[in-house]
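Chains as they are written, first to last, in my numbering: chain A, 95 to 434; chain B, 86 to 428.
All C-beta atoms in this analysis are idealised placements derived from N, C-alpha and C, irrespective of residue type, glycine included.
Report on one structure; see the data block that follows.
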């Protein structure tokens with residue numbers, strides 16, 4: 095009995111340390127993103143500017159140009175990581191991330207419709223993406239409902255809906271001028287290059303409500319993990335909690351997508367990476383969210399500065415190209431074979 | 086050959102399943118006729134028949150039949166059969182009902198190679214795409230299967246599926262990376278990406294045929310292996326099967342079939358995913374029936390979808406990939422909602 099408690103205490107301590115280290119890393123990359131660019135600004139000056147004592151030049155570069163983009167990466171990555179971990183744990187399926195089950199596909203389709211069919215740009219596109227993602231999630235949930243929802247059925251239905259949305263998108267992309275289609279392609283890949291304070295503010299308002307709610311309700315996950323019958327026996331309203339967690343996860347994903355597009359892969363890998371770092375066998379919510387923010391900030395940093403000159407890649411290209419080999423590495427080196 | 090593979094089944098089930106396969110073939114025949122007869126230019130049946138029987142190269146109507154509709158129908162027939170078989174094998178080998186050429190990264194690999202071909206090598210014809218799509222599909226399948234089977238317990242369904250998702254994302258981002266900076270390539274690629282049977286000439290069919298025949302033979306020969314694998318690796322080994330060799334042969338069949346189908350018609354969603362599920366509802370889990378049924382039903386679905394695409398959006402047309410997704414998604418979701426599709 096005492097050894098069990100010792101193991102538990104060690105796990106808790108490890109979780110706390112890992113979470114702090116991750117948070118520090120996120121902060122470091124965030125500050126680095128504010129400091130490095132065409133006009134490098136020393137870190138002390140960045141900090142001074144953030145506290146409102148910057149020069150006019152630093153104020154313009156840091157607060158107007160770099161801060162919205164860095165915040166967008168931070169918020170979107172955090173929300174994707176949290177959303178992915180919630181989906182994966184509620185549905186007990188490592189494939190059940192919002193990018194696989196069609197939530198981001200719905201967002202993208204709505205954005206493509208705006209950009210191509212209705213010729214709308216600006217703040218309407220992210221709003222449409224948010225609505226599109228939510229409508230799609232409701233649709234997927236309703237279609238998968240059959241006296242309760244199982245993870246397996248939801249993933250399958252989601253994949254069906256995702257494929258439908260993807261093919262509709264391909265079709266609309268053939269129906270327009272190639273320059274507009276390229277713009278839409280950048281959007282559905284994910285990019286922070288054109289993010290303004292409007293999107294960041296909108297996302298921040300949503301996340302202030304959603305993140306604490308998700309972390310609080312997420313405490314029920316360890317009970318849910320015992321299986322439906324045991325959880326019911328412990329007095330948990332299983333269906334309702336599950337629905338609540340999934341709704342929160344879908345909204346988090348929608349908000350994240352509305353900031354910078356459906357950035358490939360962040361939601362899918364954050365959980366597995368956090369699991370591996372924590373060595374707990376399942377993704378903790380806060381560590382997963384921090385991993386998401388870290389990946390996204392690093393990827394956007396690489397997207398901005400990797401290629402020389404004016405050439406910039408959309409951040410989604412980098413997350414896919416870098417995240418995928420890492421997941422492959424995890425799979426190749428994991429001894430337990432990933433059965434969960 | 087069919088008779089030989091059925092001897093293990095109880096007599097009671099054999100006759101209805103055989104009859105069903107014959108009915109499927111009849112329906113497929115009707116779809117072939119429809120695909121040749123229906124099109125943007127309405128041609129009376131007598132002209133169609135005349136063109137097929139007494140080809141007159143000087144008659145423009147005959148040219149439409151021979152140079153447009155017949156190759157198109159053949160592409161649909163062959164690509165459909167290939168996708169159906171590949172779907173059964175992938176789902177069988179990975180014991181994963183989510184498995185599909187699209188989900189396992191094979192389509193994304195083919196797409197990446199096609200984009201590189203257009204962008205770097207300046208290839209701009211369907212006959213040129215075929216080889217690159219094939220190469221890409223093969224590389225993707227080898228990578229997915231290779232990485233997925235690393236580690237102590239080999240290629241578990243979950244590892245294969247995750248590896249596929251990872252590779253798909255990687256390939257897709259590289260593809261997008263090229264496309265966003267190269268408008269000219271995107272202009273060509275986006276039309277290939279939708280998945281269509283139109284605009285393929287007879288040379289595409291001729292090039293693909295040897296690969297397809299090899300793939301068909303491999304696939305149909307894998308029924309026993311798949312039946313064994315369905316019982317789990319240990320049981321299969323106990324039945325005297327060489328599990329790694331069986332898996333490798335199946336993987337080879339999938340590469341050849343998916344690669345060729347994608348090369349011919351572009352990345353067509355859903356047929357490889359949906360048809361085996363539908364076939365399983367009729368045949369049950371025996372791969373000796375599942376494979377031939379899927380081989381007949383998949384081209385039927387593809388040809389009917391193509392005909393619908395030509396009719397609904399006149400004077401233009403919807404590409405077949407859109408129609409298969411539009412038909413496939415609801416059917417697929419309905420199947421998922423039924424209890425008989427198990428995990």
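Cβ shell of residue i (< 7 Å), same chain only, five flanking positions each side left out
i: residue 304 (chain B); result: 170, 174, 338, 342 and 376
i: residue 435 (chain A); result: Given that chain A is displayed from residue 95 to residue 434, the structure contains no residue 435 (chain A) and the question cannot be resolved.
i: residue 106 (chain B); result: 377, 378 and 381
i: residue 410 (chain B); result: 354 and 355
i: residue 102 (chain B); result: 368 and 374
Cβ-based burial, residue i [other Cβ within 10 Å; buried from 16]
i: residue 126 (chain B); result: exposed
i: residue 381 (chain B); result: buried
i: residue 323 (chain A); result: exposed
i: residue 154 (chain B); result: buried
i: residue 399 (chain A); result: exposed
i: residue 147 (chain A); result: exposed
i: residue 228 (chain A); result: buried
i: residue 106 (chain A); result: exposed
i: residue 433 (chain A); result: Because the pLDDT at residue 433 (chain A) is just 41, under 50, the model does not fix this residue reliably, and the value given afterwards should be weighed accordingly. Exposed: under 16 other Cβ atoms inside 10 Å.
i: residue 140 (chain B); result: exposed
i: residue 310 (chain A); result: exposed
i: residue 289 (chain B); result: buried
i: residue 206 (chain B); result: exposed
i: residue 210 (chain B); result: exposed
i: residue 453 (chain B); result: With chain B covering only 86 through 428, there is no way to say anything about residue 453 (chain B).
i: residue 102 (chain A); result: exposed
i: residue 312 (chain B); result: buried
i: residue 149 (chain A); result: exposed
Residue i in three-state terms, based on DSSP
i: residue 423 (chain B); result: coil
i: residue 169 (chain A); result: helix
i: residue 419 (chain A); result: helix
i: residue 30 (chain B); result: The requested residue 30 (chain B) does not occur in the structure, where chain B is confined to residues 86 to 428.
i: residue 383 (chain A); result: helix
i: residue 434 (chain A); result: For residue 434 (chain A), the predicted model reports a pLDDT of 37, less than 50, meaning its position is unreliable; a value from the coordinates is still stated below. DSSP places residue 434 (chain A) in coil when its eight states are reduced to three.
i: residue 136 (chain A); result: coil
i: residue 378 (chain A); result: coil
i: residue 371 (chain B); result: coil
i: residue 357 (chain A); result: coil
i: residue 153 (chain A); result: helix
i: residue 402 (chain B); result: coil
i: residue 367 (chain A); result: helix
i: residue 329 (chain A); result: coil
i: residue 289 (chain A); result: coil
i: residue 87 (chain B); result: Residue placement at residue 87 (chain B) cannot be trusted, given a pLDDT of 40 that sits under 50; the coordinates are not used to answer.
i: residue 277 (chain A); result: helix
i: residue 388 (chain B); result: helix
i: residue 269 (chain A); result: coil
i: residue 103 (chain B); result: helix
i: residue 128 (chain A); result: helix
i: residue 354 (chain B); result: coil
i: residue 406 (chain A); result: coil
Close Cβ partners of residue i (< 6 Å) along its chain, the five nearest in sequence each way excluded
i: residue 393 (chain A); result: 409, 412 and 413
i: residue 328 (chain A); result: 317
i: residue 344 (chain B); result: 219, 222 and 223
i: residue 191 (chain B); result: 222, 225, 226 and 343
i: residue 300 (chain A); result: 349
i: residue 408 (chain B); result: 390, 393 and 394
Close beta carbons around residue i, own chain, < 8 Å, minus the five adjacent residues each side
i: residue 210 (chain A); result: 266, 267, 269, 270, 274, 275 and 278
i: residue 161 (chain B); result: 120, 282, 350, 384, 387, 388, 391 and 405
i: residue 125 (chain A); result: 137, 140 and 141
Let me know the alpha helix (DSSP H) ranges lying completely inside the region 133–216 of chain B, each 4 residues or longer, listed in chain order.
-> 145–148, 155–178 and 191–204
Ordered list of alpha helix (DSSP H) runs contained in the region 262–327 of chain B, each at least 4 residues = 268–278, 287–306, 308–315 and 318–323
Taking only beta carbons into account, state which residues of the region 333–367 of chain B come closer than 7 Å to chain A, listed in chain order.
-> So the close ones are 354 and 355.
What residues from the region 251–262 of chain B come within 7 Å of chain A, judged by C-beta to C-beta, listed N to C?
-> 251, 252, 254, 255, 257, 258, 259, 261 and 262
Near-chain B residues of the region 350–368 of chain A (beta-carbon distance less than 9 Å), N- to C-terminal order = So the close ones are 358, 359, 362, 363 and 366.
For the region 270–298 of chain B, enumerate the residues whose C-beta is nearer than 7 Å to any C-beta of chain A, in chain order.
-> 271, 272, 275, 276, 278 and 279
Below 8 Å between beta carbons is the criterion; list the residues of the region 244–273 of chain A that meet it against any residue of chain B, in chain order.
-> 246, 247, 249, 250, 251, 253, 254, 255, 257, 258, 260, 261, 262, 264, 265, 267, 268, 272 and 273
Which ranges does the alpha helix (DSSP H) cover as unbroken runs of at least 4 residues, wholly within the region 190–246 of chain A, from first to last along the chain?
-> 197–206 and 218–238
Give the residues from the region 173–207 of chain A that approach chain B closer than 7 Å (Cβ to any Cβ), ordered along the chain.
-> 188, 189 and 194
Could you list the residues in the region 403–421 of chain A with a C-beta less than 8 Å from some C-beta on chain B, going in chain order?
-> 405, 407, 408, 410, 411, 412, 413, 414, 415, 417, 418, 419 and 421
Compile a chain-ordered list of the residues in the region 223–241 of chain A whose CB is closer than 7 Å to at least one CB of chain B.
-> Answer set for the region 223–241 of chain A: 237 and 240.
Could you list the residues in the region 281–308 of chain A with a C-beta less than 7 Å from some C-beta on chain B, going in chain order?
-> 283
Cβ-based contacts, 9 Å cut-off: residues of the region 153–181 of chain B near chain A | From the region 153–181 of chain B, no residue has a Cβ closer than 9 Å to chain A.
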